[in-house]
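Undergrad: Here's a structure for you.
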Amino acid sequence: MIRTAAEATGLTQSKAKEAIGVVLNTSERQGSPLAEAVFRKMPGARTLSATTGAETGATTGVIARLIEQTPGGRRFVGERMFSELHKLGLGHSEIGKLLPSISLYMRETYGMDGFAHMGDFIVTDPVTEGANKAVAA
776 MIRTAAEATG LTQSKAKEAI GVVLNTSERQ GSPLAEAVFR KMPGARTLSA TTGAETGATT
836 GVIARLIEQT PGGRRFVGER MFSELHKLGL GHSEIGKLLP SISLYMRETY GMDGFAHMGD
896 FIVTDPVTEG ANKAVAA
């Protein structure tokens, strides 16, 4: 995944690893089912997420994590993700290429789909999304 992201974004592999860690940590903090799926499939992904969270000062407590999953908390976590990616030196172009590169890697390596867009990977639950739409209709 790191090599794929580095090639797609033009980042060094070291910077790509840091950027992927930020995205994974953000996804985990939002309670994303796709993040859990990635952690189950890809060795080292959960460790990268946790390490990145510790390095960037992300919250770790249960109550704080629940607060981060409220609408205001989601907004804060999302904004912080972009701030952390900018601190790493990623511009809009690199950020715009990062998620599709993660999606490409997961599709080609593990046959997983569903998170080519930032919002998909961070907050969407593809399993229940259809059910929610059916109820609302």
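When we follow the working numbering, the leftmost residue of the sequence shown carries the number 776, and every step to the right adds one. Glycine included, C-beta positions come from ideal geometry on N, C-alpha and C.
#1: Could you tell me which whole beta strand (DSSP E) segments of length 3 or greater appear in the region 810–895?
#2: Just checking, does the region 792–799 make contact with the region 836–853 on the three C-beta pairs under 8 Å criterion?
#3: Helix, strand or coil for residue 807? Go by DSSP, reduced to three states.
#4: So residue 856 and residue 813 are in contact, right, with Cβ under 8 Å, and what is the actual spacing, rounded?
#5: Can you have a look at residue 877 and say buried or exposed, based on whether 16 or more other CB atoms are within 10 angstroms of its CB?
#6: Closer than 6 Å by C-beta to residue 899: which residues in its own chain qualify, once you throw out the five before and the five after it? Chain order, please.
#7: Rounding to the nearest angstrom, what Cα-Cα distance links residue 838 and residue 871 in this structure?
TA: Considering the structure as presented:
#1: Counting only runs of 3+ residues, no beta strand (DSSP E) is found wholly inside the region 810–895.
#2: Below 8 Å, too few C-beta pairs join the region 792–799 and the region 836–853 to call them touching: fewer than three.
#3: Position 32 of the sequence shown, counting from 1, holds the residue named residue 807. Of the three classes helix, strand and coil, the one that applies to residue 807 here is coil, per DSSP.
#4: As a first step, residue 856 must be located in the sequence shown, where it is residue number 81. As a first step, residue 813 must be located in the sequence shown, where it is residue number 38. The Cβ separation is near 16 Å, so there is no contact.
#5: Translated into the one-based positions of the sequence shown, residue 877 becomes position 102. Burial call: buried.
#6: Your numbering for residue 899 matches position 124 in the sequence shown. Because residue 899 sits at a pLDDT of 47, beneath the cut-off of 50, its placement in the model cannot be relied upon, and the following sentence gives the value as read from the coordinates. So no residue of the chain qualifies.
#7: Here residue 838 is taken as the residue at index 63 of the sequence shown, counted from 1. Here residue 871 is taken as the residue at index 96 of the sequence shown, counted from 1. As the crow flies, the alpha-carbon of residue 838 is around 32 Å from that of residue 871.
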